[in-house]
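Add 839 to the 1-based position in the sequence shown for this note's numbering, that's all there is to it.
Backbone N, C-alpha and C define an ideal beta-carbon position, used for all residues, glycine too.
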Amino acid sequence: MQKPKGTFDIIEDIQLYHMIEKTIRKMTKRFSVQEIRTPHFEHSELYHRSVGESTDVVGKETYRFLDRGGRDITLRPEGTAGVVRAYVENKLYANPQKVQKYYYVGSMFRYERPQKGRFREFNTFGVEAFGSGHPKLDAEIIELAYRLTFLLGIQPLVVHLNSLGDAESKTRYKEALQAHLAPHLATLCDDCKTRFETNPLRILDCKVDAKHEALLTAPKPFDYLVAEDKDHFDQVVRYLTAQNIPYHIDDRLVRGLDYYTHTVFEIKTDESLLGQQNTLCGGGRYNHLVEALGGPSTPAVGFGFGLERLIVAIKAAQKEPLTSELDVYIGALGNEALEASSVLATKLRKQNLSVESSFEPLSLKAQFKQSDRLNARFFCLLGEDEVRAGTVSIKDQKTKEEATIKQAQAAFYIIDKLTHDQTCVDCEEGA
Ligand code: HAM
């Protein structure tokens, strides 16, 4: 049996997932964002009313089915719609804390053509912030996304930024774009012919027509912003500048989902790392979605990261492979020592150290090899002499330091060395 196309097993990379999740929890705490978990499937109507009927994500890529009770169900293709549904259904808007920020980490499902950085089941980290239309919130959300990417050691990094404006600006732009494209309609691809009526903005990021003269000369959303929307965008830019976040104004950026208003952004890394799927994060404002799903008018802004793309980028940016985190390997020579190793392992585990040990009386060389393979920081040896004296020989594989100490002292000795290493781990230049 083989796994379905576009899916993957996480085995060797699990440490990277843990590291990313740890960094996510650290950053979300700093920005006072709380976790929310919503279902992996929702009523299909939710995505049709939010992400939009005419988007590729809903129109072409959903895993949609009737369940055994005849309900029209869709596996979530993205996280925003579910979180907004939960925000409305649980009346979170009634909370006296007006600005509420939520994050989620989990699988999304899209029936896309699999390639590097593009899967049919993938993991995302997303943040959705409700309750303020102020540009400061746009900038704070972009800052969180940027700082996280930076902290993960990914370079180079560029925040691409644009504004679609609110309803009036969007309508003005849509009309201008349609007027510009109309004379070229016959020469656009079949998908774009349909998009012309249903969702003309999507034509701008069509892969087939990317080099078409009509697209290269197309009007830019920015030039159709009404004064108020332009002011919002200027303020976002001012906040980002003040926070020292490098950005690039990309006046062709429109994003593929229907709900966006005002700011849209993407964080990209180099194509040499991720090929064409070099967008690590995408997001923006969506001021009308809460209302569209039955809640009170509530401005909101958020983003989503693809974890698999982060992993490719982290690996490419890393000089050394990420090592496993085994603290101690206990080698034993002889049956008596094997028994003693089990007792020592328990003592060390009680002190929260990760421990692996031999399960048969192997040669010293074979046990050293096992320890190396597991990348253990400390190799502890129990032989006949040690068992008799109640001691253990410990070798620090990093510093090559060796010592023979009482078994009862072993945990403190090791913890002392590990704590010493921790002193400078948290340096976060740029964060
Ligand atoms: P999105 O751009 O469709 O936005 O997806 C967010 C991120 O998920 C992308 O930047 C990419 O890294 C990753 N991604 C998307 N599709 C795939 C795939 N097939 N395989 C692997 N990774 C993928 C959203 O989903 C919005 N909900 C983001 C948002 C939140 N906007 C406001 N709030």
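### Task
Answer yes or no: the CB of N888 versus the heavy atoms of ligand 1, is any distance below 8 Å?
First, the residue type needs correcting, since residue 888 is Arg and not Asn in the sequence shown. No, ligand 1 has no heavy atom inside 8 Å of this Cβ.
### Task
Would you kindly check if the distance between the Cβ of V896 and the Cβ of N1001 is under 9 Å?
no
### Query
E1195 and A1215: beta carbons closer than 9 Å?
yes
### Task
Between the Cα of F847 and those of L914, N962 and G918, spot the shortest distance and give me the residue it belongs to.
Taking the Cα of F847 as reference, the smallest distance to any Cα among L914, N962 and G918 is reached at N962.
### For S1232: DSSP bridge partner residues
According to DSSP, which records beta bridges pairwise, S1232 is partnered with L1220 and T1243.
### Task
Keeping to the same chain, check which residues put their C-beta closer than 8 Å to that of K844; ignore five residues upstream and five downstream.
P953 and R959, listed in sequence order.
### Query
Count the other CB atoms within 10 Å of the CB of Q841; is the residue buried (16 or more) or exposed (fewer)?
exposed
### Exposure label - E1052; buried when at least 16 CB within 10 Å
Burial call: exposed.
### Message
Under 8 Å: do the stretch 1045 to 1060 and the stretch 993 to 1013 share three or more Cβ pairs, one atom per stretch?
### Response
yes
#### Entry: H882 - partner residues in DSSP beta bridges
I912
### Query
Would you say G1145 touches ligand 1, meaning its beta carbon is less than 8 Å from a heavy atom?
yes
### Task
Give, in chain order, every unbroken run of the alpha helix (DSSP H) that is at least 4 residues long and sits entirely within the stretch 1071 to 1139.
1110 to 1113 and 1128 to 1131
### Query
What are the uninterrupted segments assigned as alpha helix (DSSP H) that are 4 or more residues long and contained completely in the stretch 1004 to 1084, given in chain order?
1006 to 1020, 1029 to 1037, 1052 to 1055 and 1066 to 1081
### Task
Name the residue from E1223, V1226, I1253 and E1225 whose alpha carbon lies nearest to the alpha carbon of K1234.
I1253
### Query
Leaving out five residues before and five after K1032 in sequence, what residues of the same chain have Cβ atoms less than 7 Å from its Cβ?
L1024
### Of the listed residues R907, Q1157 and G1133, nearest to L931 (C-alpha basis)
G1133
### Query
What is the DSSP secondary structure of S1181, counted as helix, strand or coil?
S1181: helix per DSSP, three-state reduction.
### Message
Rounding to the nearest angstrom, what Cα-Cα distance links L983 and L1213 in this structure?
### Response
35 Å
### Task
Kindly indicate which residue of V1151, S1008, A1021 and P1138 has the alpha-carbon position closest to the one of Y975.
What sits at residue 975 in the sequence shown is Lys, not Tyr. It is P1138.
### Burial state of L905 (16 or more Cβ within 10 Å)
The residue is exposed, with fewer than 16 neighbouring Cβ atoms inside 10 Å.
### Task
Tell me whether A968 is buried or exposed, calling it buried when 16 or more other Cβ atoms sit within 10 Å of its Cβ.
buried
### Task
Identify whether T838 lies in helix, strand or coil by the three-state DSSP scheme.
What the structure shows of the chain is the stretch from 840 to 1270, and residue 838 is not part of that stretch, so it cannot be assessed.
### Message
Tell me which residue opens and which closes the alpha helix (DSSP H) that S1210 is part of.
### Response
L1203 to R1212
### Three-state class that DSSP yields for G992 in the structure shown
The three-state reading of DSSP puts G992 in coil, since its state is none of H, G, I, E or B.
### Message
Give me, in chain order, the residues of the same chain whose beta-carbon lies closer than 8 Å to that of T1026; leave out the 5 immediate sequence neighbours on both sides.
### Response
H1051 and A1053
### Task
List the endpoints of the continuous alpha helix (DSSP H) containing M858.
I853 to R869
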